[in-house]
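Residue numbers for the sequence shown follow my numbering, so the first one is 1 and each next one is one higher.
Idealized CB from N, CA, C, for every residue including glycine.
Structure first, then comments.
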Amino acid sequence: MFDIPFRNLAAAHRQLEAELTEVISEVIASGVYAGGPRVESFEREFASYCGSHCCVGLSSGTDALWLALLAVGVGAGDEVITVPSTFMATVEAIRRTGAKPVFVDVDSDSWTMNPGLLRGAITERTKAILPVHLFGRMAAMWEIMEVADQFGIPVIEDAAQAHGAEYNGGAAGTWGRIGCFSFYPGKNLGGIGEAGAIVTDDSALAARIAALRNHGQSRRSVHEEMGWNCRMDAIQAAVLSVKLRMLDGWNEKRRFVAMRYTEVFQRVSGIVTPAPSGSDHAHHLYVIKVENRDEFIDSLAKSGIECGVHYPVPAHLQPCCTDLGYRPGDFPVSEELAARCVSLPMHADLTHADVEKVISTVVSTVLRRRAA
Ligand SMILES: *Cc1c(COP(=O)(O)O)cnc(C)c1O
1 MFDIPFRNLA
11 AAHRQLEAEL
21 TEVISEVIAS
31 GVYAGGPRVE
41 SFEREFASYC
51 GSHCCVGLSS
61 GTDALWLALL
71 AVGVGAGDEV
81 ITVPSTFMAT
91 VEAIRRTGAK
101 PVFVDVDSDS
111 WTMNPGLLRG
121 AITERTKAIL
131 PVHLFGRMAA
141 MWEIMEVADQ
151 FGIPVIEDAA
161 QAHGAEYNGG
171 AAGTWGRIGC
181 FSFYPGKNLG
191 GIGEAGAIVT
201 DDSALAARIA
211 ALRNHGQSRR
221 SVHEEMGWNC
231 RMDAIQAAVL
241 SVKLRMLDGW
251 NEKRRFVAMR
261 YTEVFQRVSG
271 IVTPAPSGSD
281 HAHHLYVIKV
291 ENRDEFIDSL
301 AKSGIECGVH
311 YPVPAHLQPC
321 CTDLGYRPGD
331 FPVSEELAAR
341 CVSLPMHADL
351 THADVEKVIS
361 TVVSTVLRRR
371 AA
């Protein structure tokens, strides 16, 4: 066990235990467990939280991405532009539609989609652009939307790490045609199991996704098209409704931790901190770049501090993508980030003492290595 775990999901729920137990008991008593009124009320609450007209609750973030792509008409033979610096689910969702992922590198400061590379990647087969708000920082949506609108290509946002993030006054998930969220337990807003959702202002798209998640039924027993089972379950919806009220406060704590980390680390040579974002960052993960990552992680572990690596291999170099024909060196910014990134403990339950201990341990580890 670590003194300071990378994240502590049980601790996050302890403060809500009485309330969660109550809503879960209500779900059990209601007899409605898959979809139903709990899911509908969470959908209304989350749509309003994001400032969107519609929300459709789903079984996971991966399903949200998949159904969003299907709903805008992506299929076999099409291309979808995304970044190699992401969690594999982004790429899986594209491939599951039969379309081909086309990667563009991330920007060296923001570590999100480099909008300057978009035009060069667009072909007549491009059916969607899928930026990822990686680590909770929103991609350069203004620039991305400008290119997308010029070519008339729909944008689907992967906002799985960005609940509550904002950019130029627009919330994550509301810039593109559809925003996709994950409520995987470790996310800024997470269930006590799997869940996800899409948000959109387009009620026809929302209705199509709502049908697709329920075996393609637009009405009971009328299967308009082939769908799947991607419904949200009522317990997750009830838990998420309770936790949604805490989200802004938790994100504020994350921002405070990130600010304190950056304040110190930016003055230490040997640590590359995230560049200032000029947007409301959700700080899902706090990622720095270091030299000799393995040694760094071992040294922190010896002091009782748990780190993560998100993500050590960029998507274009994963074994499941070799058929796409990419090679090492194709996306240098993503590859360098993958080689050097470390995620430090980041959650709303870190105490002041925890944060100061992480800071002093990180600084002494880096300085010791530079002196050696
Ligand atoms: C978590 C995550 C997903 C997938 O969400 P699940 O709910 O786990 O299916 C997709 N994209 C990104 C960037 C994620 O972090």
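Query: Grab the span of the beta strand (DSSP E) containing Gly179 for me, first residue to last.; Result: Ile178 to Ser182
Query: What residues are listed by DSSP as bridge partners for Asp158?; Result: Val132 and Cys180
Query: By DSSP, does Leu9 sit in helix, in strand, or in coil?; Result: helix
Query: How would you write the range of the alpha helix (DSSP H) that Glu79 sits in, first residue to last?; Result: No alpha helix (DSSP H) contains Glu79, which is instead part of the beta strand (DSSP E) from Glu79 to Thr82.
Query: From this set, Asn292, Pro84, Ser60 and Ser364, which residue's C-alpha is nearest Trp228's C-alpha?; Result: Ser60
Query: Note the first and the last residue of the continuous alpha helix (DSSP H) segment covering Leu247.; Result: Ala234 to Phe265
Query: Could you tell me whether any non-hydrogen atom of ligand 1 is closer than 6 Å to the CB of Ala159?; Result: no
Query: Using the DSSP secondary-structure output, state which residues sit across from Ser343 in a beta bridge.; Result: Val287 and Gly308
Query: Nearest CA to the CA of Cys55: which residue from Arg119, Ile178, Val104 and Ser360?; Result: Ile178
Query: Check the C-beta distance from Gly176 over to Ile192 and give it rounded, since I have them as a contact under 8 Å.; Result: Gly176 to Ile192, Cβ: 29 Å. No contact.
Query: Tell me whether Val222 is buried or exposed, calling it buried when 16 or more other Cβ atoms sit within 10 Å of its Cβ.; Result: exposed
Query: Look at Val83 and Pro101 and say whether their C-beta atoms are less than 7 Å apart.; Result: no
Query: Nearest by alpha-carbon distance to Phe103: which of Leu58, Thr97 and Gly120 is it?; Result: Gly120
Query: Apply the 10 Å Cβ neighbour rule to Met138 and answer buried if 16 or more other Cβ atoms are within range, or exposed otherwise.; Result: buried
Query: Relative to the alpha-carbon of Met203, which residue among Cys321, Leu20, Cys320 and Ala47 has its alpha-carbon at the smallest distance?; Result: As written in the sequence, residue 203 is Ser, which differs from the Met given in the question. Per the Cα distances, Ala47.
Query: In this structure, does DSSP put Asp323 in helix, strand or coil?; Result: helix
Query: For ligand 1, is there a heavy atom less than 6 Å away from the beta-carbon of Phe87?; Result: yes
Query: Which residues share a DSSP beta bridge with Arg231?; Result: Leu58
Query: Say yes only if the C-beta of Val199 is nearer than 6 Å to one or more non-hydrogen atoms of ligand 1, and no if none qualify.; Result: no
Query: Would the beta-carbon of Ser182 be found less than 6 Å away from any heavy atom of ligand 1?; Result: yes
Query: Can you give me the Cβ contacts of Glu225 inside the same chain, cut-off strictly under 6 Å, excluding the 5 residues immediately before and after it?; Result: Gly216
Query: By how many angstroms is the C-alpha of Ala29 removed from the C-alpha of Gly136?; Result: 37 Å
Query: Does the stretch 302-312 come close enough to the stretch 1-16 to have 3 or more Cβ pairs within less than 8 Å?; Result: yes
Query: Note down, in chain order, each residue of its chain lying with its Cβ closer than 7 Å to the Cβ of Val272, except the 5 sequence neighbours on either side.; Result: Ile288 and Lys289
Query: For the alpha helix (DSSP H) holding Thr90, just list the boundary residues, first then last.; Result: Ala89 to Arg96
Query: Quick test of the definition: if touching needs 3 or more C-beta pairs under 8 Å, does the stretch 238-247 touch the stretch 10-30?; Result: yes
Query: Can you tell which of Ala282, Val91 and Gln236 has its C-alpha closest to the C-alpha of Ala172?; Result: Ala282
Query: Could you give the distance in angstroms between the alpha-carbon of Tyr311 and the alpha-carbon of Cys341?; Result: 8 Å
Query: Alpha carbons only, please: which of Pro185, Phe181, Pro328 and Ile144 is nearest the one belonging to Tyr167?; Result: Ile144
Query: Is the closest heavy atom of ligand 1 to the C-beta of Gly164 under 6 Å?; Result: no
Query: Quick one: using the 10 Å Cβ neighbour count with 16 as the cut-off for buried, is Glu22 buried or exposed?; Result: exposed
Query: Could you tell me the boundaries of the beta strand (DSSP E) in which Arg219 lies?; Result: Gln217 to Arg219
Query: Take Ser277 as the anchor and find which of Ala165, Lys253 and Arg95 has the nearest alpha-carbon.; Result: Ala165
Query: Take the Cβ of Lys187 as the centre, count every other Cβ of all protein chains shown within 10 Å, and call the residue buried at 16 or more, exposed below.; Result: buried
Query: Report the option in Gly36, Arg7 and Ala64 whose CA atom is closest to the CA atom of Arg208.; Result: Ala64
Query: For the beta strand (DSSP E) containing Val199, list its first residue and its last residue.; Result: Gly196 to Thr200
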